[in-house]
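Peer 1:
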Amino acid sequence: MSEIDPQHAIHDIGGLSRFRCTPVERDEAPPDGFGKRVDALRQVLAAKKLMTVDELRRCIEAIPEPEYFALTYYERWLTSIGTLMVEKGIVKAEDIA
Amino acid sequence: MSTPARPESLARLDRLVAALIAKGIVTESDLVEAQARTDRASPEVGARMVARAWLDPDWRRLLLGNGAEAAEHMGVSMAGAPPLGVLEDTATLHHLVVCTLCSCYPRAVLGYPPSWYKSFEYRSRAVRDPRGVLAEWGTTLAAGCRVRVVDSTADYRWMVLPMRPAGTEGWSEDQLAALVTRDVLVGVALPRLPVALAAE
Amino acid sequence: MSVPLLAPGDRVLVKDDWPEFRGPAHIRTPHYLRGKPGRVVRVLGGFANPEDLAFARPAPKRVLYHVVFERPPLWHEGEAGDDVLVEIFEHWLQPVPAERQAA
């Protein structure tokens, strides 16, 4: 077996060697207020048929690597939702920059 | 660690919400209602579904055949939610749920996923070294019990129906449900009797 | 939903395809399964193709299966008998001819 991980997209991390020896940090924390609000915003926009969870994932997966790993979980969601709302012409980039 | 969002992210969220409200796309009460609805979901729902399955064979069949319908019977609105699949543990097969691609989780019956479920380490390691991950939770399987990792990649959400522990004969649904934690429903832990009882 | 081409018990190979490296793509078949052999456990139903939904394109329903994979072909480590169960869409699966199944 090669010691080098096969090529994979940034989010596609099942079985990667780079995490093999790191224990799972048992962080039980539920989302904070920021996370819950981002989560709620996604649900509302999905209910209004303005985005799908699949689009959310696509735009998370498209975040450039240094930023992807620097952002927290719900910061990645926020980035993705903002990208989608601009992509769809619902808001302007300068509105949310 | 669940690092708090940076101040610039809080400001960015405020600007996005303000822009969406200004355009009449969302309202503040939409957001408050969605959050309140999500806050109400909790692993107690999943725990009760399991306890009932241990007591009632008909319910068990319903739960295994159509988890979403079973959840509706528990008063959970599954409209718009992904289908719920229930994975039946046996003496020789234990299930462990992970989402290696993102963080799919049966939120309708378990609530928000904990941070560790969304961590790179859990997502990466559970599928390749499930027994190592189980050991970190102090979970030991009986000899001869196989591990089936369920990578939640698509349209279903998955929850584990564990084996009913020995020594719980005659217990009520409430007593049984108290043994079923969120970790049990994900498969990183097994239902355990309180130490005082187990020692008897 | 279209009629499932595969049935429980069928041996399959996951396509060894990497669309994400040819251009913008959203793929729900994990990298560690590409090109690997598995066995259909059950038909889960028809679902709009996430590869299209992700780009807000018309998304015809595709058949989704639960497919089980023995551990050794994925990673040559771990305990014999352990396996991985994954939802895979039909267009990612190739049936393994019967003569090869016997081998």
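So the protein sequences, as listed, match chains C, B and V. For what it's worth, the working numbering labels the leading residue of the first sequence as 100, then goes sequentially. For what it's worth, the working numbering labels the leading residue of the second sequence as 7, then goes sequentially. For what it's worth, the working numbering labels the leading residue of the third sequence as 54, then goes sequentially. Note that the Cβ used here is the ideal one computed from N, Cα and C, for glycine as well.
Could one say the Cβ of Lys187(C) lies closer than 8 Å to chain B's Cβ atoms, at least one of them?
Peer 2: no
Peer 1: Let me know if Pro113(V) comes out buried or exposed under the rule of 16 or more other beta-carbons within 10 Å of its beta-carbon.
Peer 2: exposed
Peer 1: Between the Cα of Glu140(V) and the Cα atoms of Leu58(V), Val67(V), Val56(V), Ser55(V), which residue gives the shortest distance?
Peer 2: If we check each option's Cα against that of Glu140(V), Val67(V) comes out closest.
Peer 1: Straight-line CA distance for Gly52(B) to Arg188(B)?
Peer 2: 8 Å
Peer 1: Do Ala87(B) and Ala114(B) count as a contact pair if the criterion is CB distance below 8 Å?
Peer 2: Yes, they are a contact pair.
Peer 1: Would you identify the three-state DSSP class for Arg9(V), choosing helix, strand or coil?
Peer 2: In the structure as shown, chain V begins at 54 and stops at 156. Residue 9(V) is therefore absent and cannot be evaluated.
Peer 1: In the DSSP assignment, the beta strand (DSSP E) including Trp164(B) goes from what residue to what residue?
Peer 2: 163–167
Peer 1: At a CB-CB cut-off below 7 Å, which residues of chain C make contact with Ala40(B)?
Peer 2: Ala139, Gln142, Val143
Peer 1: Can you tell me whether Ile103(C) is buried or exposed, with buried defined as 16 or more other CB within 10 angstroms of its CB?
Peer 2: Any reading at Ile103(C) must be qualified, since the residue scores a pLDDT of 44, below 50, and its modelled position is unreliable; the value itself is stated next. Classification for Ile103(C): exposed.
Peer 1: Check whether the Cβ atoms of Glu199(C) and Pro120(B) sit closer than 8 Å, and answer yes or no.
Peer 2: Coverage of chain C is limited to positions 100 through 196, which leaves residue 199(C) absent and any answer about it impossible.
Peer 1: Measure from the C-beta of Ala160(B) to each C-beta in chain V and report whether the shortest distance is under 8 Å.
Peer 2: Residue-level contact by beta carbon holds for Ala160(B) and chain V, with a gap shorter than 8 Å.
Peer 1: Kindly indicate which residue of Glu75(B), Met165(B), Trp143(B), Glu179(B) has the alpha-carbon position closest to the one of Asp62(B).
Peer 2: When only C-alpha atoms are compared, the closest one is Glu179(B).
Peer 1: Roughly how many angstroms separate the alpha carbons of Val194(B) and Lys29(B), rounded to a whole number?
Peer 2: 45 Å
Peer 1: If you draw a straight line from the alpha carbon of Glu193(C) to that of Val185(C), how long is it in whole angstroms?
Peer 2: If you take the alpha carbons of Glu193(C) and Val185(C), they lie about 9 Å apart.
Peer 1: In whole angstroms, give me the CA-to-CA distance for Glu164(C) and Ile109(C).
Peer 2: Between Glu164(C) and Ile109(C), the C-alpha separation is close to 7 Å.
Peer 1: What do you get for Gly176(B), buried or exposed, if any count of 16 or more other CB atoms within 10 angstroms of its CB means buried?
Peer 2: In this structure Gly176(B) is exposed. Its beta-carbon is surrounded by fewer than 16 other beta-carbon atoms within 10 angstroms.
Peer 1: Exposed or buried, what is Ser179(C) when buried is set at 16 or more other beta-carbons lying within 10 Å of its beta-carbon?
Peer 2: buried
Peer 1: Please report the Cβ distance between Ser15(B) and Phe133(C), rounded to the nearest whole angstrom; I am assuming they are in contact, meaning their Cβ atoms lie under 8 Å.
Peer 2: 7 Å
Peer 1: Given that a residue counts as buried once 16 or more other Cβ atoms are within 10 Å of its Cβ, and exposed if not, what is Ser125(B)?
Peer 2: buried
Peer 1: Assuming contact is defined by CB atoms lying nearer than 8 Å, are Val149(V) and Pro90(V) in contact in what I supplied?
Peer 2: yes
Peer 1: At a CB-CB cut-off below 8 Å, which residues of chain C make contact with Cys108(B)?
Peer 2: His110, Arg156, Ile159
Peer 1: Across the stretch 144–158 of chain C and the stretch 160–168 of chain B, are there enough close Cβ pairs to call them in contact, namely three or more that are closer than 8 Å?
Peer 2: no
Peer 1: Which of the three DSSP states, helix, strand or coil, is assigned to Asp111(C)?
Peer 2: coil
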